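Beneath this line is the structure, given in structure tokens, with notes to follow.
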Amino acid sequence: MIFFLVLASILPPRPTFLADTVMYLSPIDPNLYISSTFAETRTAHFHAAIDYGTQGRTGYPLYASRSGVLHRVFMSPLGYGYALYLKHYDGSFTVYAHMRNFAPKIERVVDSIRVAESIFLFDRVMESYNIRFNAGDVIGWSGDTGAGPPHLHFEVRSPSNHAINPFLVGFDMADKVPPRFQGVAIEPLHESTLIQGRRAIVQASISADGTDYRFNPITTTGPVGLAVQVSDRSDHMRNVFAVYRLELRVNKELVFVSQVDSFPLQNQNMMQIDRIFPILQQNRRAYQRLHLHDGNSLPFYRTMGNGGKLDLPIGRHDISITAYDIAGNVSTMNGVLNRIEPISDITKPEFYRLDGHRQFLHPTGESVRQLQNRFEPFHNWWVLKQSVDSIWVQDSVFYPTLERGRAVSLPTDIKFDDITFHRIQPNLQRLLTTPDGRMSLDIPEDAVYDTLSMAFGYWEEGDQLRMQIWQPLEPFRRSFRIGFNNGLEPGAGIYRINGSGKDQTFAFLGSLGDGPWLYANSSSPGIYTIMVDTIPPVISNPRLSKRGNQSIVSLTIRDDRSGVNWSTARISVNGVRGIPESDLQGRLTFFLPGWRPSGKSQIEVYVIDRMGNESTAEFSLP
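Under my numbering, read the sequence shown as residues 19 to 640, first letter to last.
See below:
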């Protein structure tokens, strides 16, 4: 029996589309397996659906789970691929993604628009066409468009566009397998906190006896937060799923509950602060926090007291963590947290003041490179900015503090001597510039969840100016703007550098100009540079082929710098324009419903890259 413990804070009162009288049919052959569940960890967001695996095949019929009107059609080679949205009488939605193609009455309308406008990328609200389906009608066929192998991504959304756990509306799977704990982590929440004698996040060892897990006793000197790495499986399945509910008890008292019933889609990237971000970034281990991180507004949680943060009195405390899957299977992990007095013989670390926001200066006047030789390892240095004008360097580990701000660890492969550190706070816009005015960072007021420190500097490598942004402890909530003062050289754009050596690649970000400044947006730390692109794309390798019963023409388009602007591509055969489809990876396809080649095909192609360099080509195919 499905386990329902819906928190009043998530769905008050129970809306119409979740009523017991509302029936949802399976959107695909019910004998196919569920391969992913709701709220699983993705690269930078929660999974907002359940997925059905299709055994590596495409072409399974997809059915309207409920009666409704076609609300929206989305077509792209990325993300959701080909997707449609049905709107139901109560204002709720169901979403079907990664489809191969749509039902004929949808395709006729969509193709007529695409042909008339000669566009491939498509995202339209379609309610005015009044295309309706009854529950059980075929709406299309499963595919592998967008991200991932062949499968169906199926969502239930509320009228207010909140993702709803589909298991709440009757979907289920055979599941007698209890959740499995893989680890427990303890993170310090104050500058004075030592965990097992260390100022660092500690991942504790655990042991198991069936569904009973235990972690070794943990000693702490101050406030801490707990987190668990835990997953679930179902009967006869190797797929790893998310758990449904977590409970934390201290000395048998319930202090924290997390239950994934629903979340606003605009907040799905808060997965990064529901998990411990540094561990997630370093090794992809998803430790789910059992306390509320500052800035977390997800509706999963019920807390008693201090948001699940454990500032316990001196002494022994029994910890119990319980995990439930959606079918009601339960596993529990127990352990002991010992709060002790701060160790009195720990001396306060010596501090060195940073001179003028630019160079690290030892009292003897040594630079950062000279200090690197004196203190090993360099990456154990931590930097704390205590106020706008005061930055301090410490040669021992100094962990983030809630009262005085966050700390930043310098990267071991730091490239520059000229470096500034800045405190970035929520609800405070910051415009940061290098001392010589050559570069800037414009950080909007809502760019971060919590106060953090950011390192910002640059160096010259050959004829390239490179900027590095370093911020390892917290994710950004939204993008910031990077600026280079380069005099607007023709064809110049801002690129992110990924990888190193032979594996180094350059990803074009943008080239917005304002006087001598060049701007682009980014949402993650990294290394950035300016590169010039004045070379147009190369068009080659025309080919006539079949896609099912449909004839198509495809070509190779190559642009090694800024990349092709696929949305502006045009292609025609014998003077008739078709739909310029693309995989965004280098293939452009002429598609026209019902087209058949007759005699010689004269092909004309027009493409531009993202810096506006144009290419045209003509080919003849027999």
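Virtual Cβ for every residue (Gly too), placed ideally from N, Cα, C. Treat the numbers as computed from the prediction; the structure is a model and nothing was measured.
Q | Paired residues, beta bridge with T238 - DSSP | A | Within the sequence shown, the letter at position 220 stands for residue 238. When beta bridges are read from the DSSP output, T238 appears opposite I213, R357.
Q: Return helix, strand or coil for F56, following the three-state DSSP convention.
A: Within the sequence shown, the letter at position 38 stands for residue 56. Reduced to three states, the DSSP call for F56 is coil.
Q: Find out if the Cβ-Cβ distance for the pair S297, P493 is shorter than 8 angstroms.
A: On the sequence shown, position 279 is the one that residue 297 refers to. On the sequence shown, position 475 is the one that residue 493 refers to. One point to set straight first is that residue 297 is Ile, not Ser, in the sequence displayed. Result no, Cβ atoms of I297 and P493 do not sit closer than 8 angstroms.
Q) What is the residue span of the beta strand (DSSP E) that E621 lies within? A) Taking the sequence shown and counting its residues from 1, the one referred to as residue 621 is at position 603. A small correction: the amino acid at residue 621 is Ile; Glu does not occupy that position in the sequence shown. Unbroken beta strand (DSSP E) run through I621: 619-626.
**Q.** Per-residue burial, A181 [other beta carbons within 10 Å of its own, 16 or more giving buried]
**A.** Taking the first residue of the sequence shown as 1, we reach residue 181 at position 163. Flag for A181 reads buried.
Q. Given that a residue counts as buried once 16 or more other Cβ atoms are within 10 Å of its Cβ, and exposed if not, what is N445?
A. Mapped onto the sequence shown, residue 445 falls at position 427. Burial call: exposed.
**Q.** Sequence-distant residues of the same chain with beta carbon closer than 7 angstroms to L266, five excluded per side
**A.** On the sequence shown, position 248 is the one that residue 266 refers to. Cβ neighbours of L266 beyond the five flanking positions: L244, V273, F274, L308, G326, I339.
Q | DSSP bridge partner residues for H539 (one or two, in chain order) | A | Counting from one through the sequence shown, the residue named residue 539 turns up at place 521. The question names His, yet the displayed sequence has Asn at residue 539. Residue pairing by DSSP places N539 opposite R499 in a beta bridge.
Q. Do R251 and V195 have their C-beta atoms closer together than 8 angstroms?
A. Within the sequence shown, residue 251 is the residue found at index 233, counting from 1. Within the sequence shown, residue 195 is the residue found at index 177, counting from 1. It is a contact, given that the beta carbons lie within the stated cut-off.
Q | Spatial distance of G228 from Y51 (CA atoms) | A | As a working mapping, residue 228 is identified with position 210 in the sequence shown. As a working mapping, residue 51 is identified with position 33 in the sequence shown. G228 and Y51: Cα-Cα distance of roughly 26 angstroms.
Q. Taking the alpha helix (DSSP H) that A134 falls in, what are its first and last residues?
A. Translated into the one-based positions of the sequence shown, residue 134 becomes position 116. Note, A134: alpha helix (DSSP H), 122-135.
(Q) Assuming I291 is part of the alpha helix (DSSP H), what are its boundary residues? (A) Taking the sequence shown and counting its residues from 1, one reaches residue 291 at position 273. For I291, the enclosing alpha helix (DSSP H) begins and ends at 289-292.
Q: Confirm, please, whether the CB-CB distance from D577 to D627 is below 8 angstroms.
A: For this step, residue 627 is matched to residue 609 along the sequence shown. For this step, residue 577 is matched to residue 559 along the sequence shown. Yes, the Cβ-Cβ distance between D627 and D577 is below 8 angstroms.
Q.
Less than 8 angstroms between CB atoms is the rule here; does R514 satisfy it with respect to chain D?
A. Looking at the structure shown, chain D is missing, and only one protein chain is on hand.
Q.
Going residue by residue through the region 457-525, where are the continuous alpha helix (DSSP H) segments of at least 4 residues, counting only ones entirely within it?
A. none
**Q.** Short Cβ contact (8 angstroms threshold) for M629 with G528
**A.** Translated into the one-based positions of the sequence shown, residue 629 becomes position 611. Translated into the one-based positions of the sequence shown, residue 528 becomes position 510. No. Outside cutoff.
Q | Simplified DSSP state of L266, which is helix, strand or coil | A | As a position in the sequence shown, residue 266 is number 248, starting the count at 1. Three-state DSSP puts L266 in a strand.
Q) Could you give the distance in angstroms between the alpha-carbon of A226 and the alpha-carbon of D279? A) Mapped onto the sequence shown, residue 226 falls at position 208. Mapped onto the sequence shown, residue 279 falls at position 261. In a straight line, the C-alpha of A226 is about 28 angstroms away from that of D279.
Q) Going by the beta-carbon positions, is the gap between I332 and L355 smaller than 8 angstroms? A) Counting from one through the sequence shown, the residue named residue 332 turns up at place 314. Counting from one through the sequence shown, the residue named residue 355 turns up at place 337. In this structure, L355 does not lie closer than 8 angstroms to I332 by Cβ.
Q) Smallest Cα separation from M472: which of I461, V87, G480? A) Numbered from 1 along the sequence shown, position 454 holds the residue referred to as residue 472. Ranking I461, V87, G480 by Cα distance to M472 puts I461 first.
Q | Cβ distance (whole Å) where T547 is taken to contact Q482 below 8 angstroms | A | Reading the sequence shown from its first residue, position 529 is the one you call residue 547. Reading the sequence shown from its first residue, position 464 is the one you call residue 482. Contact holds; Cβ gap of about 5 angstroms.
**Q.** Nearest-angstrom Cβ-Cβ length linking M41 and R90, presumed shorter than 8 angstroms
**A.** Locating residue 41 in the sequence shown gives position 23, counting from the first residue. Locating residue 90 in the sequence shown gives position 72, counting from the first residue. The Cβ separation is near 23 angstroms, so there is no contact.
(Q) To the nearest angstrom, how far is the alpha carbon of E125 from that of D230? (A) Taking the sequence shown and counting its residues from 1, the one referred to as residue 125 is at position 107. Taking the sequence shown and counting its residues from 1, the one referred to as residue 230 is at position 212. Cα-Cα distance, rounded: 54 angstroms.
(Q) Buried or exposed for Y107, going by 16 or more other Cβ atoms inside 10 Å? (A) Residue mapping note: residue 107 aligns to position 89 of the sequence shown, counting from 1. Flag for Y107 reads exposed.
Q. Which of helix, strand or coil does DSSP assign to N148?
A. Within the sequence shown, residue 148 is the residue found at index 130, counting from 1. Assignment of N148 by DSSP, reduced to helix, strand and coil, places it in the coil class.
Q: Rounded to whole angstroms, what's the CA-CA distance from I68 to F111? Just pull it up for me.
A: Within the sequence shown, residue 68 is the residue found at index 50, counting from 1. Within the sequence shown, residue 111 is the residue found at index 93, counting from 1. In a straight line, the C-alpha of I68 is about 14 angstroms away from that of F111.
Q | Y98 vs A121 beta-carbon contact at 8 angstroms | A | The residue given as residue 98 occupies position 80 in the sequence shown. The residue given as residue 121 occupies position 103 in the sequence shown. Going by C-beta atoms, Y98 is not nearer than 8 angstroms to A121.
(Q) Would N503 and W477 qualify as a contact pair, given that the criterion is a beta-carbon distance under 8 angstroms? (A) What you label residue 503 is simply residue 485 of the sequence shown in a count that begins at 1. What you label residue 477 is simply residue 459 of the sequence shown in a count that begins at 1. The answer is no: Cβ separation not under 8 angstroms.
Q. Between the region 209-224 and the region 186-194, do at least 3 Cβ pairs fall closer than 8 angstroms?
A. Output reads no: the region 186-194 does not touch the region 209-224.
Q | Of the residues A635, P48, V466, the one placed nearest L80, counting alpha carbons only | A | The count along the sequence shown starts at 1 and reaches residue 80 at position 62. The option with the nearest alpha carbon to L80 is P48.
Q.
I'd like to check one pair, I500 with L459: are the Cβ atoms closer than 8 angstroms?
A. Here residue 459 corresponds to residue number 441 of the sequence shown, with the count starting at 1. Here residue 500 corresponds to residue number 482 of the sequence shown, with the count starting at 1. Yes.
Q. Are Q620 and S633 close, meaning C-beta to C-beta below 8 angstroms?
A. Residue 620 sits at position 602 when you count from the first residue of the sequence shown. Residue 633 sits at position 615 when you count from the first residue of the sequence shown. No, the pair does not count as a contact, with Cβ atoms beyond the cut-off.
Q: Provide the residue span of the beta strand (DSSP E) that contains Q603, from first to last.
A: Within the sequence shown, the letter at position 585 stands for residue 603. Run containing Q603: none; DSSP gives neither H nor E here.
Q) Using the C-alpha atoms, what's the distance from I545 back to K123? A) Looking up residue 123 in the sequence shown gives position 105. Looking up residue 545 in the sequence shown gives position 527. Whole-angstrom Cα-Cα distance: 48 angstroms.
Q. Looking at the unbroken alpha helix (DSSP H) that takes in Q300, where does it start and where does it end?
A. Locating residue 300 in the sequence shown gives position 282, where the first residue counts as 1. Note, Q300: alpha helix (DSSP H), 295-301.
Q: Express the C-alpha separation of I442 and G511 in angstroms, rounding to a whole number.
A: Taking the first residue of the sequence shown as 1, we reach residue 511 at position 493. Taking the first residue of the sequence shown as 1, we reach residue 442 at position 424. When the Cα atoms are used, G511 and I442 turn out to be separated by approximately 26 angstroms.
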